[in-house]
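Undergrad:
Protein chains: 2
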Amino acid sequence: MQTLEINGRSYRVPDQPTVVVCVDGVDPRYVTDGLARGLLPRIAAMIAGGGEFARATSQMPSFTNPNNLCIVTGVAAAAHGLSGNHALTDDGREVQLDDPAFLRAGTIHAAMHAACVPVLVVTTKAKLRRLLSVGDVPCVSVEGAATQTLGEITDLEQLVGRPAPGIYDWDASHFALELGFALAAVRAPLLMYVSLTDAVQHANAPGEPLSDRYLARLDALIGEYLDAGWRIALVADHGMNDKPEIRYLADALETAGIGGTRVLLPITDPYVAHHAALGSAAWVYAPADQRVRAAAVLAQLPGIEAVLERTRAATELELPADRIGDLVVLADARTALGGRAGDHDLSRLHGPLRSHGGFHEASVPLLLSHAPGALGRRIIDTGARTRDVHAIVLEPA
Amino acid sequence: MQTLEINGRSYRVPDQPTVVVCVDGVDPRYVTDGLARGLLPRIAAMIAGGGEFARATSQMPSFTNPNNLCIVTGVAAAAHGLSGNHALTDDGREVQLDDPAFLRAGTIHAAMHAACVPVLVVTTKAKLRRLLSVGDVPCVSVEGAATQTLGEITDLEQLVGRPAPGIYDWDASHFALELGFALAAVRAPLLMYVSLTDAVQHANAPGEPLSDRYLARLDALIGEYLDAGWRIALVADHGMNDKPEIRYLADALETAGIGGTRVLLPITDPYVAHHAALGSAAWVYAPADQRVRAAAVLAQLPGIEAVLERTRAATELELPADRIGDLVVLADARTALGGRAGDHDLSRLHGPLRSHGGFHEASVPLLLSHAPGALGRRIIDTGARTRDVHAIVLEPA
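Sequences listed follow chains G and P, in order. Per the working numbering: the first sequence ends with 397, consecutive numbering throughout. Per the working numbering: the second sequence ends with 1397, consecutive numbering throughout.
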């Protein structure tokens, strides 16, 4: 049995088809509620039949890009470089962190691919495709399914048997799983990664009809993978909470008379109808002589849980110090952070604001189809993180 | 609404009957498996109906007495003083930590009782009764139910309607819940604590018939409390794992030629058929000039996860430094620790050895009948511990 060393950790080359699914935004409460109400019969049987329903902890801030990259690299954001979905460059431009040039660690899939292990990645959100395909990893997206090709497969929608839903449709995530399943029948990957979208979770709490519909279909698809003999791990990138309170940090700093500051919201991505760029983490840039005052002003706002200076945030949260703010601001379960009130268009939301980014969305479900080995057991029992998923699933013999 | 300060934390005087149940040894996997297989319909409905199924972390070592006292005092073992079930006194005697003289913090129930709030404690194991009744808290045990009285109630078995089962019977825990329920009808406590026993879990893994029977009856009894309008929290004191491997530390030290050492097993209690005094934590006493060698010998044994010097263990694990060994030894999920092989009578076990005490049994279920408030939410999302249960359930308004 072959073992590969990737970014300082050991992974077994899988001997049976293995898929890790990032169930974007699936807070543990969707799973506990779904199990409690019998919505997840296949996942329930998977747990009862020797699998496991544990918890893992997100990389902070609890956003999509940092955690997807933790999952596929096996290392913290401090090492892989993706501090958020969005960042400020040295020359003051705001950029999406979606370019492989921002990546400071290769992926597990790229290393397996280089070792001639058949791999495949399917992402729902196109924004992740460039990052996940680094190292020539075969990677397709639901958003691009109408036009992308993969080797000799020229029509992904025909392969799945239906047109790809829109990125805000309730079943965009399910199409990703269907696409992975259909592609696997042709390409026979031994290691696959499928990354979903949290559009449903941003607008629907556990128990709401669309959430139930999402979960029931997810469960049925996981059943199809199980029936086909896949080894499966499901993990979320982050949880999700109602955020009825919003604090606009740029407005608060201006009101306090603190000039020269800039607020950057690392949740920012192309999917504004999810969250209007409002999450529970923010970077604040402030001139050196204003930082202490700015931190004091921000810390006193209701719903603010932590205001960490850059070095401390980088150390404690394992973040790349050069890709976060002078101050890292984290909000509580009920509170989202904005820049200026006028810059956020809440009318485009699909419902009341539900979002993530803070400590309260850092507990995520970890579901396994098979019992972990001794190392996996240790990782889970002493606190698994999103970056540990492949180490658990691909534990060396 | 009245608030009491107890051991430095604030608790609301309950305005509706509130019960905390310590589901002794109920590893989270009993709950996930039970939910997955539909064994827990009332608990499932409780979760889906606005309650919560979260996780909490045990006080280390993950034993019964330290965690029961964490639950009822709201503070760590470093503050309440109970480092295990068993300890070595300054004059070299081995004693059970069951005497209130060992307690360094009062209980929440004692403080409520002193403030004229009606409280009641029911423990399955008699060994906990002296500790839990400190401060004149009304407290009865299943083991003593045949002879104990409580105020004007002179026949506890008659009140319940059946004779108390033996302490190793599968439904000893259920009798504790029945006794609490029956006593509550007479005494109308606003705050009740019911502490169960882990006899079933020590001998039966999730999915085994007796475990299923235990869980189904537990679920039905929780349903009775819910129907009667109780606010409920269930938390375990520790998890449980199969321990097919045993390391005998005194034998290993002797083989290595290290003299003058003494191994104390803090799991030791009167219930030897549970575990034969074999758990995954041990205290080792060694002369100062032998400690480094002893630590090196122990650390190299298979299945040993940590050998911590006293001061470091006290700091990192929040333990009272004077009530642990010179060395604190912790074993992995599959390994139990003994003294000398000849001193442990495995023939008295009720089945293959299942036990606890280490990090791998420190993740426990936390089930709530009602959504937590903002503080409770923060505690849960940032890592609840067994000592936080009352702070969550009795959050000040």
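Yeah, the Cβ is synthetic: ideal placement off N, Cα and C, and Gly gets one too.
Mind pulling the chain P residues with CB within less than 7 Å of Asp-242 (chain G)?
TA: Taking the first sequence and counting its residues from 1, one reaches residue 242 (chain G) at position 242. Neighbours of Asp-242 (chain G) on chain P: none; closest Cβ ~11 Å, over 7 Å.
Undergrad: CB Gly-376 (chain G) to CB Glu-361 (chain G), shorter than 7 Å?
TA: Within the first sequence, residue 376 (chain G) is the residue found at index 376, counting from 1. Within the first sequence, residue 361 (chain G) is the residue found at index 361, counting from 1. No; because the gap between Cβ atoms is not below 7 Å, this pair is not in contact.
Undergrad: Going by other Cβ atoms of all chains shown within 10 Å of its Cβ, with 16 needed for buried, is Gln-1016 (chain P) buried or exposed?
TA: Working through the second sequence from its first residue, we reach residue 1016 (chain P) at position 16. Flag for Gln-1016 (chain P) reads exposed.
Undergrad: What does Arg-1213 (chain P) touch in chain G if you count any residue whose Cβ is under 9 Å from its own?
TA: For this step, residue 1213 (chain P) is matched to residue 213 along the second sequence. The premise fails here: Arg-1213 (chain P) is roughly 16 Å from chain G at the closest Cβ pair, so nothing lies under 9 Å.
Undergrad: For Ala-321 (chain G), count neighbouring C-beta atoms within 10 Å of its own C-beta (all shown protein chains included) and say buried if the count is 16 or more, exposed if not.
TA: Within the first sequence, residue 321 (chain G) is the residue found at index 321, counting from 1. Exposed.
Undergrad: Grab me the residues of Gly-1034 (chain P)'s own chain with a C-beta within less than 6 Å of its C-beta, minus the 5 sequence neighbours each way, in chain order.
TA: In the second sequence, residue 1034 (chain P) corresponds to position 34, counting from 1. Cβ neighbours of Gly-1034 (chain P) beyond the five flanking positions: Leu-1040 and Leu-1215.
Undergrad: Starting from the C-beta of Ala-1277 (chain P), find all residues in its chain whose C-beta is less than 7 Å away, skip the five residues before and the five after it, and write them out in chain order.
TA: Residue mapping note: residue 1277 (chain P) aligns to position 277 of the second sequence, counting from 1. Taken in chain order, the residues that qualify are Leu-1265, Ile-1267, Thr-1268 and His-1344.
Undergrad: Only counting the same chain, and skipping five residues up and downstream in sequence, which positions put a Cβ closer than 6 Å to that of Ile-167 (chain G)?
TA: Indexing the first sequence from 1 puts residue 167 (chain G) at position 167. Same-chain partners within the cutoff: Glu-143.
Undergrad: If you draw a straight line from the alpha carbon of Ile-333 (chain G) to that of Arg-1378 (chain P), how long is it in whole angstroms?
TA: Along the first sequence, one-based indexing puts residue 333 (chain G) at 333. Along the second sequence, one-based indexing puts residue 1378 (chain P) at 378. Position check: residue 333 (chain G) holds Ala in this sequence, whereas Ile was assumed. Cα to Cα, Ala-333 (chain G) sits roughly 7 Å from Arg-1378 (chain P).
Undergrad: With a cut-off of 7 Å, does the C-beta of Asp-381 (chain G) fall near any C-beta of chain P?
TA: By one-based count along the first sequence, residue 381 (chain G) stands at place 381. With 7 Å as the cut-off, Asp-381 (chain G) counts as an interface residue toward chain P.
Undergrad: Would the stretch 1241-1261 of chain P count as touching the stretch 1078-1086 of chain P if we require 3 or more Cβ pairs under 8 Å?
TA: Touching, no.
Undergrad: Using only the alpha-carbon positions, how far apart do Ser-195 (chain G) and Val-328 (chain G) sit?
TA: For the purposes of this step, residue 195 (chain G) is taken as the residue at position 195 of the first sequence. For the purposes of this step, residue 328 (chain G) is taken as the residue at position 328 of the first sequence. Distance between the alpha carbons of Ser-195 (chain G) and Val-328 (chain G) is about 27 Å.
Undergrad: For a contact meaning CB atoms closer than 7 Å, what does Leu-226 (chain G) contact in chain P?
TA: Locating residue 226 (chain G) in the first sequence gives position 226, counting from the first residue. By Cβ distance, chain P contributes nothing, its closest Cβ being about 14 Å from Leu-226 (chain G), past 7 Å.
Undergrad: Taking Asp-212 (chain G) as the reference, which of G:Asn-7, G:Gly-8 and G:Arg-29 has the closest Cα?
TA: Taking the first sequence and counting its residues from 1, one reaches residue 212 (chain G) at position 212. Minimum Cα distance to Asp-212 (chain G) is reached at G:Arg-29.
Undergrad: First and last residue of the alpha helix (DSSP H) that includes Gln-201 (chain G)?
TA: Position 201 of the first sequence, counted from the start, is the residue given in the question as residue 201 (chain G). 199-203 is the span of the alpha helix (DSSP H), which, as asked, contains Gln-201 (chain G).
Undergrad: Do Leu-253 (chain G) and Ala-288 (chain G) have their beta-carbon atoms positioned less than 7 Å apart in this structure?
TA: Residue mapping note: residue 288 (chain G) aligns to position 288 of the first sequence, counting from 1. Residue mapping note: residue 253 (chain G) aligns to position 253 of the first sequence, counting from 1. No, the Cβ-Cβ distance between Ala-288 (chain G) and Leu-253 (chain G) is not below 7 Å.
Undergrad: Which term fits Ser-347 (chain G), buried or exposed, when burial requires 16 or more other beta carbons within 10 angstroms of its beta carbon?
TA: Residue 347 (chain G) sits at position 347 when you count from the first residue of the first sequence. Per the 10 Å Cβ criterion, exposed.
Undergrad: Please return the same chain residues whose Cβ sits closer than 8 Å to the Cβ of Ser-1231 (chain P), not counting the five positions on each side in sequence.
TA: As a position in the second sequence, residue 1231 (chain P) is number 231, starting the count at 1. The sequence as given places Arg at residue 1231 (chain P); Ser does not occur at that position. Taken in chain order, the residues that qualify are Pro-1014, Gln-1016, Pro-1017, Thr-1018, Val-1019, Ser-1369, His-1370 and Val-1393.
Undergrad: Against chain G, which members of the stretch 1357-1375 of chain P pass a CB distance test of less than 9 Å?
TA: Under the 9 Å Cβ criterion, the stretch 1357-1375 of chain P contributes Gly-1358, Phe-1359, His-1360, Glu-1361, Ala-1362, Ser-1363 and Ala-1374.
Undergrad: Return the first residue and the last residue of the beta strand (DSSP E) that His-86 (chain G) is part of.
TA: Position 86 of the first sequence holds residue 86 (chain G). Unbroken beta strand (DSSP E) run through His-86 (chain G): 86-88.
Undergrad: Which term fits Asp-227 (chain G), buried or exposed, when burial requires 16 or more other beta carbons within 10 angstroms of its beta carbon?
TA: Residue 227 (chain G) sits at position 227 when you count from the first residue of the first sequence. When all chains shown are included, Asp-227 (chain G) counts as exposed.
Undergrad: Determine which residues of the stretch 1245-1258 of chain P have a Cβ less than 7 Å from any Cβ of chain G, and write them out in chain order.
TA: Those would be none; no residue qualifies.
Undergrad: Ala-45 (chain G) versus chain P: which residues are under 9 Å apart at the beta carbon?
TA: Within the first sequence, residue 45 (chain G) is the residue found at index 45, counting from 1. What Ala-45 (chain G) touches in chain P: Ala-1036 and Arg-1037.
Undergrad: Looking at the unbroken beta strand (DSSP E) that takes in Thr-57 (chain G), where does it start and where does it end?
TA: The residue labelled residue 57 (chain G) in the question sits at position 57 within the first sequence. Residues 52-57.
Undergrad: I'd like the span of the alpha helix (DSSP H) that includes Arg-462 (chain G), first residue to last.
TA: This structure does not reach residue 462 (chain G), given that chain G is present from 1 up to 397, and the question cannot be answered.
Undergrad: Using the Cα positions of His-109 (chain G) and Asp-1098 (chain P), report the straight-line distance between them to the nearest angstrom.
TA: One-based indexing of the first sequence puts residue 109 (chain G) at position 109. One-based indexing of the second sequence puts residue 1098 (chain P) at position 98. Using only the alpha carbons, I get a separation of about 55 Å.
Undergrad: Quick one: Cα of Gln-300 (chain G) to Cα of Pro-61 (chain G), how far?
TA: For the purposes of this step, residue 300 (chain G) is taken as the residue at position 300 of the first sequence. For the purposes of this step, residue 61 (chain G) is taken as the residue at position 61 of the first sequence. Taking the straight line from one Cα to the other gives about 21 Å.
Undergrad: Give me the Cα-Cα distance between Ala-1336 (chain P) and Ile-1246 (chain P), rounded to the nearest whole angstrom.
TA: Here the question's residue 1336 (chain P) lines up with position 336 in the second sequence. Here the question's residue 1246 (chain P) lines up with position 246 in the second sequence. Cα to Cα, Ala-1336 (chain P) sits roughly 5 Å from Ile-1246 (chain P).
Undergrad: For Ala-5 (chain G), write down the residues that DSSP places opposite it in a beta bridge.
TA: Position 5 of the first sequence, counted from the first residue, corresponds to residue 5 (chain G). Per the sequence shown, the amino acid found at residue 5 (chain G) is Glu instead of Ala. Answer is G:Ser-10.
Undergrad: Give me the residue from P:Asp-1251, P:Asp-1171, P:Glu-1094 and P:Ala-1282 with the minimum Cα distance to Arg-1310 (chain P).
TA: To locate residue 1310 (chain P), count along the second sequence from 1; it is residue 310. Checked all of P:Asp-1251, P:Asp-1171, P:Glu-1094 and P:Ala-1282; the closest Cα to Arg-1310 (chain P) is P:Ala-1282.
Undergrad: Does any C-beta atom of chain P lie closer than 7 Å to the C-beta of Phe-53 (chain G)?
TA: Translated into positions along the first sequence, residue 53 (chain G) becomes position 53. Interface residue, yes.
Undergrad: With DSSP run on the structure shown, which of helix, strand or coil describes Leu-1278 (chain P)?
TA: For this step, residue 1278 (chain P) is matched to residue 278 along the second sequence. If DSSP states are grouped into helix, strand and coil, Leu-1278 (chain P) belongs with coil.
Undergrad: Does Ala-1048 (chain P) get closer than 7 Å to chain G when you measure Cβ to Cβ?
TA: The residue you call residue 1048 (chain P) lines up with position 48 of the second sequence. For Ala-1048 (chain P), the answer is yes, since a Cβ of chain G falls inside 7 Å of its Cβ.
Undergrad: When you check each C-beta in the stretch 323-337 of chain G against every C-beta of chain P, which residues fall closer than 9 Å?
TA: Result list: Asp-332, Ala-333 and Arg-334.
Undergrad: According to DSSP, what are the bridge partners of Trp-283 (chain G)?
TA: Stepping through the first sequence from its first residue, residue 283 (chain G) is reached at position 283. Per DSSP, G:Leu-264 and G:Val-328.
Undergrad: What are the residues of the stretch 125-136 of chain G that lie near chain P, defined by any Cβ-Cβ distance shorter than 7 Å?
TA: Result list empty, no residue passes.
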